[in-house]
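*Asks:* Let me give you the structure first, and then I'll get to my questions.
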DNA sequence: CTCAATGATACAAAAAATATATCACGGATC
DNA sequence: GATCCGTGATATATTTTTTGTATCATTGAG
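Chains as they are written, first to last, in full-length UniProt numbering: chain A, 1 to 304; chain B, 1 to 304.
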């Protein structure tokens, strides 16, 4: 029976009651509701019958609310507000204005366009929560497949990852990082081949395999195999070791935004020094689509 | 336009969507809703059209919710819950199960049935808030007229108060209060006329005029005019002064529940020693009606 | 290849909401 | 005190919405 009652009392009924309760005048209320007075009168009466409670006191010519009417006015307002939120909230989600984006990124991307893209996105989509996690390209692919990450920022090429989509986001190139007191560091122009006999500091191959290979290949093209004397996890660690003179390294040019008095950066003009940063994803939630869309500047994405 | 949309999305629609979202199966959902499948299908489609958001992913033979659908499921559930509360809450108010009762009472009523009545009422109507305020009969009448009090517990008769309704609640009688070391206090039987020459402690006439007059009249019938030597506000104060020997007094018998080693109570058998405690009220809110109804044991009251 | 399951479509019937016209009542006005 | 205006109630017709019945289209399993 309770279910039956709820079925009969509609949002429209509540809207009508609120209008009458606020105006305390059937004609004015009907006008506000863009309807005529008779159906309004009967609607209110049916409402009272349905819930079996007198809500409006019909004293001669003056209307008043019973205590129950006051209560229903309050509750009906809240119900209407909630109903409206149901719709606007849903539209927000659909439009990607609300939601959660779990964003992964490779460490080096923090020195490119990504931070600015994040800042701009947060301004335009304040209700989207962003969860950021640094991870290697391989780890991001795994997380996206596992559904624990929505979007990743990685360095292509990807291997065995035909199931994830890829969108170019930023480009960068490799450059040399030299200790400032190193002979080459004082020299104006340095060629990559000049490093053939120098000890290298590099990240382990497990951390960013594709990127690692690109460095090796680049050196190979310059005619040598880099002698890796020291490995370190993370670009910052690599650079710290370069700073104290443990060796030279090849890092993304955007890392030169990371300043250290003991390090000198030198460009590499060899072909193959360029690399890209791309978004990867599989099923884009609307909010994740908003992010990729906004950051990559492309127009539309099919959302899940 | 937003208003238009809200007008089209009804509670029924939400109920239908919730059923489909929970079952992920149109036929089962329709069965649960006691309707057939085709109109359910079209209702959901119309809902999606109305808010212009895809809520249900119709993958071949398997249904799934889009992120927006998840959101709408959550919000629709909340809306339905709120709508149901609007009705049940209103019914609670109408039935007097919820609300506020501002109850006034004369001090002496605290030693009669009132405390028990309050306790029992609170057990049966836990959602009704009770505001208690001690006040004289006259003050209660004024407060009820002013609309700042719902129900009063007073000692009739009332004067110039034809506009308030009166309901007998409890009865009591007057008794003598004597200092224990007073000669009369040691005597087994005491007649009221024995007090004719004793100094009296009484409350001022302003505080409980009708009650005061009853004492005077009672003494007059016993053949004397009480010599009031000391006035004190409140029964407790009166009794305290009796306890220290400042005089004798006549107080409600129920006050003998207030024990003091220095006071002896003696019954008054004279006609006219009885008095009543009554509820007074004007417009009973449902919760106030519940209270009066419950306390006085009567069945039904017309509620405002 | 057929069958069962499932959602979509078309059309008809039922129910509900709303509009129009009118009445009934009460207080204000002259 | 008769009349009129403002207000809510009633009766009935019309439109809109919702629901039901019958049927089809697609898909995956045996």
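Positions of the beta carbon are idealized from the N, C-alpha and C atoms, including for glycine. Here the structure is a predicted model, which is why all the values come from computation and not from measurement.
What does residue 265 (chain B) pair with, by DSSP beta-bridge criteria?
*Replies:* DSSP lists B:177 as partners of residue 265 (chain B).
*Asks:* Between the alpha carbons of residue 103 (chain A) and residue 154 (chain A), how many angstroms are there, rounded?
*Replies:* Between residue 103 (chain A) and residue 154 (chain A), the C-alpha separation is close to 11 angstroms.
*Asks:* Could you work out which residues of chain B lie near residue 93 (chain A), taking near to mean beta carbons separated by less than 7 angstroms?
*Replies:* In chain order: 67, 68, 71.
*Asks:* Provide the residue span of the alpha helix (DSSP H) that contains residue 134 (chain A), from first to last.
*Replies:* Per DSSP, residue 134 (chain A) belongs to no alpha helix (DSSP H); it is in the beta strand (DSSP E), 128-134.
*Asks:* Verify the CB distance criterion: does residue 207 (chain B) have a CB-CB separation below 8 angstroms to chain A?
*Replies:* Chain A contact via Cβ: absent.
*Asks:* Counting only Cβ pairs nearer than 7 angstroms, list the residues of chain B close to residue 99 (chain A).
*Replies:* Those are 67, listed as they occur along chain B.
*Asks:* Take residue 226 (chain A) and list the residues in its own chain whose beta-carbon comes closer than 6 angstroms to its own, dropping the five residues that flank it on each side.
*Replies:* Correct list, in chain order: 200, 219.
*Asks:* Alpha carbon to alpha carbon, what distance is there between residue 209 (chain B) and residue 329 (chain B)?
*Replies:* Outside the displayed range of chain B (1 to 304) lies residue 329 (chain B), so it cannot be described from this structure.
*Asks:* Give a yes or no on whether the C-beta atoms belonging to residue 252 (chain B) and residue 231 (chain B) are separated by under 8 angstroms.
*Replies:* In this structure, residue 231 (chain B) does not lie closer than 8 angstroms to residue 252 (chain B) by Cβ.
*Asks:* Suppose you measure from the CA of residue 325 (chain B) to the CA of residue 58 (chain A); what does that come to, to the nearest Å?
*Replies:* The requested residue 325 (chain B) does not occur in the structure, where chain B is confined to residues 1 to 304.
*Asks:* Could you confirm whether any beta carbon from chain B is found closer than 8 angstroms to the beta carbon of residue 29 (chain A)?
*Replies:* Chain B contact via Cβ: absent.
*Asks:* At a CB distance below 8 angstroms, what residues from the segment 125-151 of chain A approach chain B? Give them in sequence order.
*Replies:* Residues: none.
*Asks:* DSSP state of residue 211 (chain A), grouped into three classes?
*Replies:* Of the three classes helix, strand and coil, the one that applies to residue 211 (chain A) here is helix, per DSSP.
*Asks:* At 9 angstroms on the CB atoms, spell out the chain A contacts of residue 286 (chain B), in chain order.
*Replies:* Result: 66, 67, 68.
*Asks:* Using a Cβ cut-off of 8 angstroms (strictly closer), state whether residue 230 (chain A) contacts chain B.
*Replies:* For residue 230 (chain A), the answer is no, since every Cβ of chain B falls outside 8 angstroms of its Cβ.
*Asks:* Using CA coordinates, which residue listed in B:92, B:234, B:78 is at the minimum distance from residue 70 (chain A)?
*Replies:* Checking every option, the nearest Cα to that of residue 70 (chain A) belongs to B:92.
*Asks:* If you measure from the beta carbon of residue 289 (chain B) to each beta carbon in chain A, is any gap under 8 angstroms?
*Replies:* Output row for residue 289 (chain B): interface = no.
*Asks:* If you follow the alpha helix (DSSP H) that residue 89 (chain A) is part of, which residue opens it and which one closes it?
*Replies:* Segment 67-94, the alpha helix (DSSP H) holding residue 89 (chain A).
*Asks:* For residue 87 (chain B) versus residue 51 (chain A), is the C-beta spacing smaller than 8 angstroms?
*Replies:* Contact: yes.
*Asks:* Thinking C-alpha only, which one of B:178, B:186, B:120, B:236 is nearest residue 295 (chain B)?
*Replies:* Closest option to residue 295 (chain B), Cα to Cα, is B:120.
*Asks:* Report yes or no: is there a C-beta of chain A within less than 8 angstroms of the C-beta of residue 16 (chain B)?
*Replies:* Judged by the 8 angstroms Cβ criterion, residue 16 (chain B) is not in contact with chain A.
*Asks:* Can you confirm whether residue 75 (chain B), when its beta carbon is compared against all beta carbons of chain A, has any partner nearer than 8 angstroms?
*Replies:* Cβ-Cβ to chain A under 8 angstroms: yes for residue 75 (chain B).
*Asks:* Got a sec: is the Cβ-Cβ distance from residue 83 (chain B) to anything in chain A below 8 angstroms?
*Replies:* Answer yes: the Cβ-Cβ gap between residue 83 (chain B) and chain A drops below 8 angstroms somewhere.
*Asks:* Where residue 302 (chain B) and residue 96 (chain B) are concerned, what is the direct C-alpha to C-alpha distance, given to the nearest angstrom?
*Replies:* Confidence at residue 302 (chain B) is low in this model, with a pLDDT of 49, below 50, so the placement of that residue should be treated as unreliable; the coordinate-derived value is given next. Residue 302 (chain B) and residue 96 (chain B): Cα-Cα distance of roughly 12 angstroms.
*Asks:* Using beta-carbon positions only, say whether residue 264 (chain B) and residue 178 (chain B) come within less than 8 angstroms of one another.
*Replies:* It is a contact, given that the beta carbons lie within the stated cut-off.
*Asks:* Do residue 235 (chain A) and residue 107 (chain A) have their C-beta atoms within less than 8 angstroms of each other?
*Replies:* A contact, by the Cβ cut-off of 8 angstroms.
*Asks:* Decide if residue 132 (chain A) is buried, meaning its Cβ has at least 16 other Cβ atoms within 10 Å, or exposed.
*Replies:* The residue in question, residue 132 (chain A), is exposed, as its Cβ has fewer than 16 Cβ neighbours within 10 Å.
*Asks:* Looking at residue 94 (chain A): is its Cβ nearer than 8 angstroms to the Cβ of residue 18 (chain B)?
*Replies:* Cβ distance not < 8 angstroms, so residue 94 (chain A) and residue 18 (chain B) don't count as in contact.
*Asks:* Could one say the Cβ of residue 304 (chain A) lies closer than 8 angstroms to chain B's Cβ atoms, at least one of them?
*Replies:* For residue 304 (chain A), the pLDDT reaches just 45, beneath the cut-off of 50, and the residue's location in the model is therefore unreliable, leaving the point undetermined.
*Asks:* Taking the runs of the beta strand (DSSP E) that are 3 residues or longer, which of them lie wholly in the UniProt domain "HTH lysR-type" (9-66) of chain B?
*Replies:* DSSP runs (the beta strand (DSSP E)) wholly in the UniProt domain "HTH lysR-type" (9-66) of chain B: 56-59, 62-65.
*Asks:* Cα separation between residue 63 (chain A) and residue 168 (chain B)?
*Replies:* Approximately 33 angstroms between the Cα atoms of the pair.
*Asks:* To the nearest angstrom, how far is the alpha carbon of residue 176 (chain B) from that of residue 215 (chain B)?
*Replies:* Approximately 11 angstroms between the Cα atoms of the pair.
*Asks:* So if DSSP puts residue 116 (chain A) in a beta bridge, which residue, or which two residues, is it bridged to?
*Replies:* In DSSP, residue 116 (chain A) forms no bridge with anything.
*Asks:* Can you tell me whether residue 242 (chain A) is buried or exposed, with buried defined as 16 or more other CB within 10 angstroms of its CB?
*Replies:* Classification of residue 242 (chain A): buried, given that the 10 Å Cβ count is 16 or more.
*Asks:* Taking residue 250 (chain A) as the reference, which of A:228, A:112, A:137 has the closest Cα?
*Replies:* Taking only the C-alpha atoms, the option nearest residue 250 (chain A) is A:228.
*Asks:* Can a CB atom of chain B be found closer than 8 angstroms to the CB of residue 78 (chain A)?
*Replies:* For residue 78 (chain A), the answer is yes, since a Cβ of chain B falls inside 8 angstroms of its Cβ.
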